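Chemist:
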């Protein structure tokens, strides 16, 4: 009586054939649901969203090189990946209240075709994936300073999350008007 001796490879090949014969197809379901993804962050007392595609990088706050003779909301200059750019305190820019930098503070790095800029926020809360685009509403926000930058808002069971465009902030003339004039009060940073 002669026995066939199987090699380890032959055993694995036979096992694969058995598994493929017995396998059931995975259930089919459509996955064409598009998620809107945004970066959720805290600026002052407000939770805001900005589209993820506007944010190039989220970085910890390094030592900022101060720039003399500018408005207090321009917190300084920073380098990242060999590029030098300004860092603007979002709460200071919008509401006039300068944020205290803590270990939770972050810089959202935003790029346009011409510029790179950092937006200082009090805390990044994470990514928000929102499946139902129908919940997106064009709306105004109780903070009038946000109005020129509002894209709309998402409403969930707990709150309304305003969506702002950081690129729109960068393109605003006030954002470029950083020189401190003689008649403006200098606040401590």
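Numbering (this note's numbering), first residue to last: 81 to 269. A virtual CB, placed ideally from N, CA and C, is assigned to each residue, including glycine. Note that the coordinates shown come from a computational prediction; the quantities given were computed from them, not determined experimentally.
So, under 8 angstroms CB-CB, residue 197 and residue 190 are touching, yes? Tell me the CB distance rounded to an integer number of Å.
Modeler: For the purposes of this step, residue 197 is taken as the residue at position 117 of the chain shown. For the purposes of this step, residue 190 is taken as the residue at position 110 of the chain shown. With 8 angstroms as the limit, residue 197 and residue 190 qualify as a contact, their Cβ atoms being about 5 angstroms apart.
Chemist: Put residue 97 into one of helix, strand or coil per three-state DSSP.
Modeler: As a position in the chain shown, residue 97 is number 17, starting the count at 1. If DSSP states are grouped into helix, strand and coil, residue 97 belongs with the helices.
Chemist: Let me know the secondary structure DSSP gives residue 210 once reduced to three states.
Modeler: As a position in the chain shown, residue 210 is number 130, starting the count at 1. Residue state, collapsed to three classes: strand.
Chemist: Taking the beta strand (DSSP E) that residue 191 belongs to, which residues open and close that run?
Modeler: Taking the chain shown and counting its residues from 1, the one referred to as residue 191 is at position 111. 186-191 is the span of the beta strand (DSSP E), which, as asked, contains residue 191.
Chemist: In terms of alpha-carbon separation, which member of 201, 206 and 210 lies closest to residue 120?
Modeler: Here the question's residue 120 lines up with position 40 in the chain shown. For residue 120, the nearest C-alpha among the options comes from 206.
Chemist: Going straight from the alpha carbon of residue 241 to that of residue 192, what length do you get?
Modeler: The count along the chain shown starts at 1 and reaches residue 241 at position 161. The count along the chain shown starts at 1 and reaches residue 192 at position 112. The straight-line gap from Cα to Cα measures roughly 24 angstroms.
Chemist: Roughly how many angstroms lie between the CA atoms of residue 124 and residue 176, to the nearest whole one?
Modeler: Against the chain shown, residue 124 aligns to sequence position 44. Against the chain shown, residue 176 aligns to sequence position 96. In a straight line, the C-alpha of residue 124 is about 10 angstroms away from that of residue 176.
Chemist: Residue 186 and residue 167: beta carbons closer than 8 angstroms?
Modeler: Your numbering for residue 186 matches position 106 in the chain shown. Your numbering for residue 167 matches position 87 in the chain shown. Not in contact: residue 186 and residue 167 (Cβ atoms no closer than 8 angstroms).
Chemist: Work out the CA separation of residue 230 and residue 245 for me, nearest whole Å.
Modeler: Walking along the chain shown from the start, residue 245 turns up at place 165. Walking along the chain shown from the start, residue 230 turns up at place 150. Distance between the alpha carbons of residue 245 and residue 230: 7 angstroms.
Chemist: Does DSSP classify residue 261 as helix, strand or coil?
Modeler: Numbered from 1 along the chain shown, position 181 holds the residue referred to as residue 261. Coil, per DSSP.
Chemist: For residue 146, I'd like the list of residues in its chain whose CB is within less than 6 angstroms of its CB, leaving aside the five on either flank, ordered along the chain.
Modeler: The residue given as residue 146 occupies position 66 in the chain shown. Excluding residues within five positions, the ones whose Cβ falls inside 6 angstroms are 156.
Chemist: Find out if the Cβ-Cβ distance for the pair residue 100, residue 117 is shorter than 8 angstroms.
Modeler: To locate residue 100, count along the chain shown from 1; it is residue 20. To locate residue 117, count along the chain shown from 1; it is residue 37. No, the pair does not count as a contact, with Cβ atoms beyond the cut-off.
Chemist: For residue 135, name the three-state secondary structure that DSSP assigns.
Modeler: To locate residue 135, count along the chain shown from 1; it is residue 55. Residue state, collapsed to three classes: strand.
Chemist: By DSSP's criteria, residue 198 is part of a beta bridge. Which residues make up the other side?
Modeler: For the purposes of this step, residue 198 is taken as the residue at position 118 of the chain shown. Paired residue(s): 167 and 189.
Chemist: Say whether chain C places a C-beta atom closer than 8 angstroms to the C-beta of residue 154.
Modeler: This model lacks chain C altogether, as it is built from one protein chain only.
Chemist: Would you report the Cα separation of residue 233 and residue 122, rounded to the nearest angstrom?
Modeler: Within the chain shown, numbered from 1, the residue matching residue 233 stands at position 153. Within the chain shown, numbered from 1, the residue matching residue 122 stands at position 42. Those two C-alpha atoms are separated by around 15 angstroms.
Chemist: Output the boundary residues of the alpha helix (DSSP H) element that contains residue 181.
Modeler: Walking along the chain shown from the start, residue 181 turns up at place 101. Premise fails: residue 181 is in no alpha helix (DSSP H) and is neither H nor E.
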